[in-house]
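S.K.: The numbering used here puts the first residue of the sequence shown at 1, with every later residue one more than the last.
Virtual Cβ for every residue (Gly too), placed ideally from N, Cα, C.
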Amino acid sequence: MSLNVNQKQSVLATAAMQPSLFHQVGMAGGAAVITVTFIHPIDVIKTRIQISSEYGALGMRGSAKKIVAGEGMTALWKGVNAAWLRESSYTSLRLGLYEPCKVAFGCTTPENTTFVKKFAAGSAAGALGSIAGNPFDVLKTKMMATEGAVPSISATAKDLFKNQGMGGFYRGIDSNIARAMVLNGTKMACYDQAKGIVVSSTGLPKSSLLVQFLSAASAGFFMTCTVSPFDMIRTRLMNQPADAKVYNNAADCLAKIIKNEGPLTLWRGFIPIWSRFAPTTTIQLVIFEQLRGMMGMKAL
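Next up, the structure:
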């Protein structure tokens, strides 16, 4: 009897030590901000390639040289302050809410935790994060696409509000939510699934750095395959001129890209997107997992 009482007290003490939802979201945001600081130049190059056929023809290396030669090295970090705000809102929620969403979708035991449920949980967390982070995503995209002097985030926001009102900050929200759902669903489900495969193949624990690294790298590739078309549409919608409207919505943008430039244009920038996703996903998830471990949480 005393043993059972002690066991119950131990379980209750462990549960009390578990970080709150606020801590989970905070850890996710911290991991995301650290990661984006180093990965941002790839995002700038990727954005230029997606919006300009000139940069598209140059490729990653040629685009990087053109940007640095014409605008200076700091141009590779254009919009990084908006990126920090985006990661603090969008990524903190889509990573931090994944585990609570899994529970909400009924993933309480290994037997009832299916790939479909993992994808649904990741998609739900991604959608919620996207709604919160869309204004910063719009600002980041416009700042990265601007050639010449490095624009300030306040000036970019003021110009956007002047020409489009509050609606301008939610331009591309439909494609952004769709992208976030596919991205986060693929990312978290593939990462979760890959961890199970790596663990069963190697015998290493889920908390192993090698397991986390291999799983995150796999997730990064599959993310690129599924997200590239959504990323292209989102970038085109968000980078429309402040005083004009080239595309009415995501469907209109998709139809015009396929009609005018061909379907393969949807995967233009695949290599830079993969070059961004692979290190971003790996660093982000590894840091997130390590922070979870430091807070006494079990691995995902």
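Any idea what DSSP makes of GLU147, helix, strand or coil?
M.R.: Reading the sequence shown from its first residue, position 147 is the one you call residue 147. Here GLU147 sits in coil by DSSP.
S.K.: Within 10 angstroms of the Cβ of THR37, are there 16 or more other Cβ atoms? Answer buried if so, exposed if not.
M.R.: Taking the sequence shown and counting its residues from 1, one reaches residue 37 at position 37. Classification for THR37: exposed.
S.K.: Do THR186 and MET238 count as a contact pair if the criterion is CB distance below 8 Å?
M.R.: Counted from its first residue, the sequence shown places residue 238 at position 238. Counted from its first residue, the sequence shown places residue 186 at position 186. Cβ distance not < 8 Å, so MET238 and THR186 don't count as in contact.
S.K.: Please look up how many angstroms separate the CB atoms of PHE288 and ALA31, rounded, as I've assumed it's under 8 Å.
M.R.: On the sequence shown, residue 288 is found 288 positions in, with the first residue counted as 1. On the sequence shown, residue 31 is found 31 positions in, with the first residue counted as 1. Confirmed, about 4 Å.
S.K.: Measure the C-alpha to C-alpha separation of ALA180 and LYS142 and round it to an integer number of angstroms.
M.R.: If you number the sequence shown from 1, residue 180 lands on position 180. If you number the sequence shown from 1, residue 142 lands on position 142. So the two alpha carbons sit approximately 19 Å from each other.
S.K.: For MET294, does the count of other Cβ atoms within 10 angstroms reach 16, so buried, or fall short, so exposed?
M.R.: On the sequence shown, residue 294 is found 294 positions in, with the first residue counted as 1. Answer is exposed; the Cβ neighbour count stays below 16.
S.K.: So, for PRO241: in the same chain, excluding its five sequence neighbours on each side, which residues have a beta-carbon less than 6 Å away from its beta-carbon?
M.R.: As a working mapping, residue 241 is identified with position 241 in the sequence shown. Once the five neighbours on either side are set aside, PRO241 has no close Cβ partner at all.
S.K.: Where does CYS190 fall in DSSP's three states?
M.R.: The residue labelled residue 190 in the question sits at position 190 within the sequence shown. If DSSP states are grouped into helix, strand and coil, CYS190 belongs with the helices.
S.K.: What is the DSSP secondary structure of ASP252, reduced to helix, strand or coil?
M.R.: If you number the sequence shown from 1, residue 252 lands on position 252. If DSSP states are grouped into helix, strand and coil, ASP252 belongs with the helices.
S.K.: With a threshold of 7 Å on Cβ separation, who are the neighbours of THR235 within its own chain once the five nearest residues in sequence on each side are excluded?
M.R.: The residue given as residue 235 occupies position 235 in the sequence shown. The residues are THR47, GLN50, ILE51, THR141.
S.K.: Exposed or buried, which one is LEU160 when buried takes at least 16 other CB atoms within 10 Å?
M.R.: The residue given as residue 160 occupies position 160 in the sequence shown. Looking at its Cβ environment, which holds 16 or more other Cβ atoms inside 10 Å, LEU160 is buried.
S.K.: Out of SER208, LEU285, ALA244, which has the shortest C-alpha to C-alpha gap to LYS162?
M.R.: For the purposes of this step, residue 162 is identified with residue 162 of the sequence shown, where counting begins at 1. If we check each option's Cα against that of LYS162, ALA244 comes out closest.
S.K.: Helix, strand or coil for ASN239? Go by DSSP, reduced to three states.
M.R.: Taking the sequence shown and counting its residues from 1, the one referred to as residue 239 is at position 239. The answer is coil: DSSP assigns ASN239 none of H, G, I, E or B.
S.K.: If I measure Cβ to Cβ from PRO272 and keep anything under 7 Å in the same chain, skipping five residues before and after, which residues do I get?
M.R.: Counting from 1 along the sequence shown, the entry for residue 272 is found at position 272. Only ILE42, ILE45, LYS46, ILE49, MET60 meet the Cβ criterion.
S.K.: Counting only the same chain and skipping the five closest in sequence on each side, list residues whose C-beta sits under 7 Å from that of CYS101.
M.R.: Your numbering for residue 101 matches position 101 in the sequence shown. So the list reads ALA121, ALA124, ALA125, once near-sequence residues are dropped.
S.K.: Write down every uninterrupted run of the alpha helix (DSSP H) in the segment 152-189 whose length is 4 residues or greater and which is fully enclosed by it, in chain order.
M.R.: Segments of the alpha helix (DSSP H) lying fully in the segment 152-189: 153-164.
S.K.: Can you tell me which of the three DSSP states ARG268 falls into?
M.R.: Taking the first residue of the sequence shown as position 1, residue 268 is located at position 268. ARG268: coil per DSSP, three-state reduction.
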